[in-house]
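A short write-up of the structure that comes next.
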Amino acid sequence: MENTVAKKLEALEKLQALDSKIDEIKKVRGALPEEVQDLEDEIAGYQTRIEKQNEEQKELEEAISANKTAIKDAEKLIKKYEEQQMNVRNNREYDAITKEMELQQLEIQILEKRIKESHGKIDAKKEEMGETKNILSEREKDLKSKKEELANIVKESEADEQKMEKDRAKATKNVEERLLKSYDKVRTNMRNGLAVVPVKRGACGGCFNVVPPQKQAEIREKKKVIVCEHCGRILSDVEDVIEEEVKPKRRTTRKKATTEKK
């Protein structure tokens, strides 16, 4: 009867080998995918800022329009008060109407000041928007360049990656679901993507912590799946390192030259 644990470990080793090859292909892309993502996020931020600036400008324009309408209303009231002044019966009524007219004239001055301030804010907003649009344009050029660079790199390795992804999909079918979940979880947590490693020179092939001889013997037997107690990686096998015998160098002695005294 075949050792089922050995078969499980073999399936995991094949899966790890494929994943490591896929990682190597992706590594060639370097930081480009992250740079593209960062630029896309930055561009989205500038687009949102421009939308907000447009809304603020629209609000200022609406305020100007409302103030202009209010000025027209005030001017109508002044005209009405002027007509009423022609028909007053005494000085008291005349003074009251005059005071109302003055109040409306003051209101017009305030509204005109607000309109002037709003125009100033709109000019500043347009300048701010222009700067934002210039930055956005530059970032969009950078993004286009980065995307083209990334697309060229991806195209070069696309066929190999697709084949490996298909092989990986097949390989995962040979790994039981529970082990696959553990494998994926460990792999995600490891910077180098290694979840299945052998014991090399008496240490874990992932974190390089010493694996006790007794534990190594259990790993060799392959009767159960054993993980490194330090990093959680699956220890698939123990690699025997055959060290070449180093022959001691032969010492040579030089004979001292003797000079005969005359």
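Numbering of the sequence shown is given in our numbering, commencing with residue 5 and proceeding in unit increments.
The beta carbon of each residue, even a glycine, is placed where N, CA and C say it ideally should be.
From a predicted model like this one, the values you see are computed outputs, not experimental measurements.
What number of angstroms, rounded off, separates the C-alpha of E65 from the C-alpha of E55? Between E65 and E55, the C-alpha separation is close to 15 Å.
Three-state secondary structure assigned by DSSP to V231: strand
Reference K189, options Q51, K25, R118 and G236, closest by Cα: G236
Work out the CA separation of E44 and V229 for me, nearest whole Å. Going from the Cα of V229 to the Cα of E44 covers about 44 Å.
Could you check whether Q108 and A67 sit closer than 8 Å to each other, using their CB atoms as the reference points? no
Just to confirm, is the Cβ distance from L16 to I238 under 8 Å? yes
Specify, as a first and last residue, the run of the alpha helix (DSSP H) that D244 falls within. It is not in any alpha helix (DSSP H) - D244 carries neither H nor E in the DSSP assignment.
Taking K150 as part of the beta strand (DSSP E), name the residues at either end of that continuous run. It is not in any beta strand (DSSP E) - K150 instead sits in the alpha helix (DSSP H) that spans N95 to K177.
Cβ pair count under 8 Å reaching 3, the region 102 to 121 against the region 78 to 90: Contact between the region 102 to 121 and the region 78 to 90 is present, because at least three Cβ pairs lie under 8 Å.
Have a look at I139 and P216 and give me their C-alpha separation to the nearest angstrom. Going by the C-alpha atoms only, they are around 59 Å apart.
Please return the same chain residues whose Cβ sits closer than 6 Å to the Cβ of G210, not counting the five positions on each side in sequence. L198, V201, C235 and R237
Which first and last residues belong to the beta strand (DSSP E) in which K204 is found? V200 to K204
Is A207 near L22, with beta carbons less than 8 Å apart? no
8 Å Cβ cutoff met for S161 and V32: yes
Who are the Cβ neighbours of N178 in its own chain at under 7 Å, not counting the five residues just before and after it? A15
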